[in-house]
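**Q** Sharing a structure below in structure tokens format, with a few things to ask.
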Amino acid sequence: MKFKKPFHTFDATMKYSSMAFRKRQHQYLGLPGKYCRRYPTEVVLRNMEMGRMDELYSVGKSDESTGELIEHMLINLEDESEDVVEKTLRKFAKYKTFGSFIYSLPMYTAVTCRKDYSNFPKEYEITKTDIIRPHYIYFPDDELWEKYENLINKVKHNIELTDNEALDIAFIPKYISDKYSEQITEALAHVFSNAKIADREMKRDIAVILMVMILNNIPSKEKQKKLLEEINMRKYKSDMEELVYNVYGEELEKKDQEIEEQNQKLTEKNAELTEKDAELSEKDAKLTEKDAELSEKDAKLTEKDAELTEYQKGIEQLNALDDLNTPQAQKIITSLLLLQK
Numbered sequence: 045m046k047f048k049k050p051f052h053t054f055d056a057t058m059k060y061s062s063m064a065f066r067k068r069q070h071q072y073l074g075l076p077g078k079y080c081r082r083y084p085t086e087v088v089l090r091n092m093e094m095g096r097m098d099e100l101y102s103v104g105k106s107d108e109s110t111g112e113l114i115e116h117m118l119i120n121l122e123d124e125s126e127d128v129v130e131k132t133l134r135k136f137a138k139y140k141t142f143g144s145f146i147y148s149l150p151m152y153t154a155v156t157c158r159k160d161y162s163n164f165p166k167e168y169e170i171t172k173t174d175i176i177r178p179h180y181i182y183f184p185d186d187e188l189w190e191k192y193e194n195l196i197n198k199v200k201h202n203i204e205l206t207d208n209e210a211l212d213i214a215f216i217p218k219y220i221s222d223k224y225s226e227q228i229t230e231a232l233a234h235v236f237s238n239a240k241i242a243d244r245e246m247k248r249d250i251a252v253i254l255m256v257m258i259l260n261n262i263p264s265k266e267k268q269k270k271l272l273e274e275i276n277m278r279k280y281k282s283d284m285e286e287l288v289y290n291v292y293g294e295e296l297e298k299k300d301q302e303i304e305e306q307n308q309k310l311t312e313k314n315a316e317l318t319e320k321d322a323e324l325s326e327k328d329a330k331l332t333e334k335d336a337e338l339s340e341k342d343a344k345l346t347e348k349d350a351e352l353t354e355y356q357k358g359i360e361q362l363n364a365l366d367d368l369n370t371p372q373a374q375k376i377i378t379s380l381l382l383l384q385k
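For what it's worth, the numbering used here labels the leading residue of the sequence shown as 45, then goes sequentially.
In structure tokens form, the structure reads like this:
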């Protein structure tokens, strides 16, 4: 069975983990509040510009009297594998403005990074009183190696993993630097089947993300195939199709828009060509009519030429006669008079 790497690997895994892990991912990333529910991620701005957040959900606090969980804030969770720049924050600011307006809740922006965020912009001013200050989440390599060693030790001694330790299998190869990504992904693939994870659905979802990390971090196709067989991906085929075969992100929306614009231009061109065809057809009809007129004139001229030839012959015959009072001469004269009519 062949597996295909998603178009936007890290965006895709973020979307999948947000759907699959929800509360667990929220806790793993150490974000504030108690997880409530997911919200639609598509954004339509005032200028009709389209956008899509990686993840949007609400968090709340428990009511002291009833214990009910009451929503009090939205969290926009973005995943960035490259540098965050002012343009990136400008995009997040648009998401914040949209979400706060539509859902009447304040929005907290969190950004997971694969690079040290020390030099990333710390804030972006929407207005004087509305400033976005993203919460950057970054896992240094040494921290990820500690998580890995703890994980390997527990698997080796057949100790059941906590939720966060189980999620380490999915997130360590995702956030580790490129320098170690192949090494650590292969090692985690080797131990995955023996990892003791109580929640079977959780183990399946971790397998899906680990599969994508194998496709992304392991360059050898042959090694990819062996590792996928080792983590028994056939078992999870139906559950991973959405992640593997669907394409996410703004890039494709732009492509769709470009295709739509091209189709519109083609439609306009087709209309122009149809109009040109009609004009040419009209001209062809007129030319055909002219050709018919010319053919008719040519026929008449041919007929006249024939008559002139007969007349010429008659004149020549009369000139050859000595006496014009003979019956033969009268016959020729009569035929010439008939030709003149």
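Quick reminder that beta carbons are idealized off the backbone N, C-alpha and C, glycines included. The structure displayed is predicted, hence computed values, not measured ones.
Check whether the Cβ atoms of K159 and Y182 sit closer than 9 Å, and answer yes or no.
**A** In contact: K159 and Y182 (Cβ atoms closer than 9 Å).
**Q** Apart from the five residues just before and just after L365, which ones in its own chain have a Cβ nearer than 6 Å to its Cβ?
**A** A373.
**Q** Between T110, M97, N276, which lies nearest to L118 when the distance is taken from Cα to Cα?
**A** The shortest C-alpha separation from L118 is found at M97.
**Q** Name the one or two DSSP bridge partners that G95 has.
**A** DSSP, once it has assigned bridges, lists V87 as partnering G95.
**Q** Within this structure, are the beta carbons of P217 and M246 separated by less than 9 Å?
**A** Not in contact: P217 and M246 (Cβ atoms no closer than 9 Å).
**Q** State the DSSP-derived secondary structure class of L73, mapped to helix, strand or coil.
**A** Three-state DSSP puts L73 in coil, outside helix and strand.
**Q** Hey, quick one: how far does the beta strand (DSSP E) through E245 stretch, first residue to last?
**A** That residue, E245, is in no beta strand (DSSP E); its alpha helix (DSSP H) goes 244–261.
**Q** Between K131 and E108, what straight-line distance do the alpha-carbon atoms span, to the nearest angstrom?
**A** Taking the straight line from one Cα to the other gives about 41 Å.
**Q** From Y289 to A251, what does the alpha carbon distance come to, in whole angstroms?
**A** Note that Y289 scores 46 on pLDDT, short of 50, meaning its location in the model is unreliable and no value can be drawn from it.
**Q** In whole angstroms, give me the CA-to-CA distance for W189 and D174.
**A** If you take the alpha carbons of W189 and D174, they lie about 39 Å apart.
**Q** So, using beta-carbon positions, are I262 and T229 closer together than 9 Å?
**A** Yes. Within cutoff.
**Q** Out of K330, I176, K309, E326, point me to the one whose CA is closest to R134's CA.
**A** Ranking K330, I176, K309, E326 by Cα distance to R134 puts I176 first.
**Q** Looking at L121: is its Cβ nearer than 9 Å to the Cβ of L75?
**A** Against a cut-off of 9 Å, the Cβ pair of L75 and L121 comes out as a contact.
**Q** Under the DSSP definition of a beta bridge, which residues are partnered with I114?
**A** I114 is bridged to K105.
**Q** Would you mind reading off the limits of the alpha helix (DSSP H) that contains T132?
**A** Per DSSP, T132 belongs to the alpha helix (DSSP H) from 130–147.
**Q** In the structure shown, what three-state DSSP assignment does L368 receive?
**A** Reduced to three states, the DSSP call for L368 is coil.
**Q** Identify the continuous beta strand (DSSP E) that holds A233 and give its terminal residues.
**A** That residue, A233, is in no beta strand (DSSP E); its alpha helix (DSSP H) goes 222–236.
**Q** Cutting at 7 Å between CB atoms, please list the residues of its own chain near A233, excluding the five before and the five after it.
**A** Answer for A233: L254, I258, L271, E274, I275, listed in chain order.
**Q** List in chain order: all unbroken alpha helix (DSSP H) runs of 4+ residues lying wholly within the region 160–202.
**A** Counting whole runs of 4 or more residues, the region 160–202 contains the alpha helix (DSSP H) stretches 185–200.
**Q** Taking the continuous beta strand (DSSP E) assigned at A210, which residues delimit it?
**A** Looking at the DSSP string, A210 is not in any beta strand (DSSP E); the run it does join, the alpha helix (DSSP H), is 207–219.
**Q** Among the residues of its own chain, which have a CB less than 7 Å from the CB of S379, if the five just before and after it don't count?
**A** Around S379: G358.
**Q** Going by DSSP, what residues sit across from C157 in a beta bridge?
**A** E124, Y182.
**Q** Compute the Euclidean distance between the alpha carbons of T370 and K334, then round it to the nearest angstrom.
**A** If you take the alpha carbons of T370 and K334, they lie about 50 Å apart.
**Q** What's the C-alpha gap between D207 and G77?
**A** For D207 and G77, the distance between alpha carbons rounds to 18 Å.
**Q** Whose C-beta lies closer than 7 Å to the C-beta of S225 among residues of the same chain, with five residues either side of it excluded?
**A** The answer, listed in chain order, is P217, N261.
**Q** Hey, how far is the Cα of E319 from the Cα of T332?
**A** Going by the C-alpha atoms only, they are around 20 Å apart.
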